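J.:
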Amino acid sequence: MTEDEQRPEGQEPGPASLPRRRVLVGLGLGAASFGLLRRLPTGRRPDRTGVAAPSTATTATTTSTTAAPRPTVDVPPALDDSLAVADDGHVHDVVLAGGRVIDPGSHFDAVAHVGIDGDTITRISLEPLTGTTTVDTRGLVVAPGFIDVLSYPVNGHGEWFKVADGVTTNLCLHGIDDTMADFLREASRLDPPVNYGGATDQYEHRKKMGVNLDWATEAQIQELAARATADVAAGALGIHEQPEYTLGLAFEELLAHGEVAARYDVPLCLHLRHSRPDPPSLQAEGVDEAIRVARETGCRIHIEHLNSTGGTGRMADAIAQVDAARAEGLSITACVYPYTFWATYAGSARFDDFQDKYGIGHGDLQVANTPDRVTAAEWPSIREHNLLTAAFAMSEEDVTGALAAPWVMIGSDAILTESGNNHPRSTGCFSRLLGVYVRERGVLTLEDALARMTILPARLLEGVSSAMARRGRIQAGALADVTVFDPDTIIDRSSIADTGVASAGVEHVLVGGRFVRRNGINDRSERPGLPILRDAE
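If you use this note's numbering, the sequence shown corresponds to residues 243 to 779, in order.
1. To the nearest angstrom, report how far apart F388 and P773 are at their CA atoms.
2. Using 10 angstroms around the beta-carbon of K203, count the other beta-carbons present and answer buried if the total reaches 16, otherwise exposed.
3. Starting from the Cα of I543, find the closest Cα among D559, H513 and M557 and give me that residue.
4. According to the neighbour-count rule (16 or more other Cβ atoms, all chains shown, within 10 Å of its Cβ), is S430 buried or exposed?
5. Let's test the definition: count the other Cβ atoms within 10 Å of the Cβ of M710 and tell me whether it reaches 16, buried, or not, exposed.
6. Is the beta carbon of A339 less than 9 Å from the beta carbon of T374?
7. Roughly how many angstroms lie between the CA atoms of F757 and H349, to the nearest whole one?
8. Rounded to whole angstroms, what's the CA-CA distance from A656 to A618? Just pull it up for me.
9. Using a Cβ-Cβ cutoff of less than 6 Å, which residues in the same chain neighbour P522 once the five nearest sequence positions on both sides are dropped?
10. So, for L325: in the same chain, excluding its five sequence neighbours on each side, which residues have a beta-carbon less than 7 Å away from its beta-carbon?
11. Buried or exposed: where does A240 fall if 16 or more other Cβ atoms within 10 Å of its Cβ makes it buried?
12. Within the same chain, show all residues whose beta-carbon is closer than 7 Å to that of D443, passing over the 5 residues directly before and after it, in chain order.
13. With a threshold of 16 other CB atoms inside 10 Å of the CB of N663, please say whether the residue is buried or exposed.
14. Would you grab the beta carbon distance between V474 and Y506 for me? Rounded to a whole angstrom, and I think it's under 8 Å.
15. Compute the distance between the beta-carbons of H627 and A588, then report whether it is under 9 Å.
16. Is W649 helix, strand or coil when you go by DSSP?
17. Give me, in chain order, the residues of the same chain whose beta-carbon lies closer than 6 Å to that of T725; leave out the 5 immediate sequence neighbours on both sides.
18. By Cβ distance below 7 Å, which residues in the same chain neighbour E749 in space, the five residues on each side in sequence not counted?
19. Using only the alpha-carbon positions, how far apart do T741 and V343 sit?
20. Quick one: Cα of V706 to Cα of E620, how far?
21. Please classify G553 as buried or exposed, where buried requires at least 16 neighbouring CB atoms within 10 angstroms.
22. Starting from H334, follow its DSSP beta bridges and name the residues at the other end.
23. Beta-carbon within less than 8 Å of L524's beta-carbon, same chain only, minus the 5 sequence neighbours each way: which residues are those?
24. For V680, collect the residues of the same chain with a Cβ closer than 6 Å to its Cβ; drop the 5 residues on either side in sequence, then sort them by chain order.
25. Tell me which residue opens and which closes the beta strand (DSSP E) that D443 is part of.
26. Does DSSP classify R756 as helix, strand or coil?
27. Got a sec, what are the start and stop residues for the beta strand (DSSP E) T575 sits in?
28. Regarding D359 and the ligand NAD, is the C-beta to nearest heavy atom distance less than 8 Å?
29. By the three-class DSSP mapping on this structure, what secondary structure does E768 have?
30. Give a yes or no on whether the C-beta atoms belonging to V396 and I366 are separated by under 9 Å.
31. Could you pull the DSSP bridge partners for R542 from this structure?
32. Three-state secondary structure (DSSP) at T410?
33. Among T696, G360, A536 and S745, which has the Cα closest to the Cα of G670?
34. Under 7 Å Cβ to Cβ from P313, same chain only, skipping five residues before and after it: list those, please.
35. Below 8 Å, can you find three or more Cβ-Cβ pairs linking the segment 625–640 to the segment 531–539?
36. What is the residue span of the alpha helix (DSSP H) that S661 lies within?
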């Protein structure tokens, strides 16, 4: 939950309704292999999660990101041979020369040269290439552009901080906050530097219908499903629901949206119903509810920020629940942000009885963009004015435990607004993962961390969006969305006291072959961002 999700208080959700009969359309996921970044068949539908990535805290054998990569004799396989260039005399539009090129999709990791023509990567070579523009990337990592699967709509301001954080594609799987047509119209008007897309938002439809937080009737549930269907047909990449905040959301409504998601093969993206860590059984019920939807409808489920809903204080158990469901053949993934505090509006139901819910006090709260923790005397006014407030209610194990699962991706759950009243994940999510959890702590290998923000989200959506099938890769034929960073200096610099500080260490960012950031400086004259849509049928 971020600043875009103000929720009035309301009644507690009722018990889930009895399961209805559904035809289970299995989405095969197979057992996750830490050594493979490819589809793993199970005899059912293909795995769209891209599970893979070597690694967990136990597999990261070094914290160094500057050591020479393992010897590599072959370049990555071409994604599209018809777009590859093999002529040694060819002059590319752009050459990224001599960097450590990492393509998590093929496990290529070597010093190499990347040739780009127009909006496409056309060659990766171990020998130097000739380019009209050649950028020296020695000592830097050349990676696929980062894909933020859990952001919010571009706003003319925050996307430039995303660029500084290495993001080239900003996907609002936490909801587009409007109809798909209006979302696309507004994004086009802003002419962003990054690509954009997202999931249809069930709560926004509820507001437009006047249902708000109430229980929906059977007819209203069908109308909500129809509105979601219309947005998916218009290009939405998924369907978003948030049972914890939409207090009148019954299980039947989740099933109705799950059926739409299954019909169009898009993920149903869920902010789970329960976040309080005590008793742990409540969070377990929230995860089980998501699994039931997948089981009864056959839809794919993506759990949003598992570290703050479903896995807080019980991450190993939450991972075990999902692993068991995946072994059953259900398609379930999740994302996390690498911080130990969440933030939402103080007036929301999440802050009702927060001391009992999360075992924290007023001193564990801090209003965004203010220097001090909250006092008991200040809290009533903060709630009344509904200020975005951070709660230091998670542990490092809630982050590192999630990163042990190879199906967990990285999603920021935020975009910076001009007010600056935001969570610092809006500006530093990806740089923090690479700077803190890779370089400083060695929790993940560099390739594994990059996989969670490139190839895994690309594979989550590539089956329904051909635009995603060409992203998240450094391969000939892939779109030239590329992030070049210094592995020794990349780091987040914003904090809850000062949220609007750009990350450090991202040197160059190309979107569609055009530099939106060069030599550590954003180029605001470049606006190559494109809509990322579900393919029309």
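Positions of the beta carbon are idealized from the N, C-alpha and C atoms, including for glycine.
Please read all numbers here as calculations on a predicted model, not as lab measurements.
T.: Let's see:
1. 16 Å
2. Here the chain has residues from 243 to 779 only, and residue 203 is not among them.
3. H513
4. When all chains shown are included, S430 counts as exposed.
5. Per the 10 Å Cβ criterion, buried.
6. It is not a contact, given that the beta carbons lie outside the stated cut-off.
7. 25 Å
8. The straight-line gap separating the alpha-carbon atoms of A656 and A618 is approximately 27 Å.
9. Hits under 6 Å: R556.
10. T362, T364, A718 and G719
11. The structure shown does not extend to residue 240, since the chain is modelled only from 243 through 779, so no value can be given for it.
12. G417, I418, D419 and H482
13. Under this definition N663 is a buried residue.
14. 5 Å
15. yes
16. coil
17. A385, G387, F388, G408 and V751
18. L382, V726, F727, D728, N761 and G762
19. Taking the straight line from one Cα to the other gives about 31 Å.
20. 48 Å
21. buried
22. G373
23. H516 and R518.
24. L686, L688 and A691
25. Going by DSSP, D443 is part of the beta strand (DSSP E) stretching over N437 to D443.
26. strand
27. I574 to V578
28. What this structure holds is no ligand at all, so the ligand NAD is not there to describe.
29. In the structure shown, E768 sits in coil (DSSP, three-state: anything other than H, G, I, E or B).
30. Their beta carbons are not under 9 Å apart, which means V396 does not touch I366 by this criterion.
31. P509
32. Three-state DSSP puts T410 in a strand.
33. S745
34. Here the model assigns P313 a pLDDT of 48, short of 50, so the residue's position is not dependable and the matter cannot be decided.
35. no
36. Taken as a continuous stretch (DSSP letters only), S661 belongs to no alpha helix (DSSP H), as it is neither H nor E.
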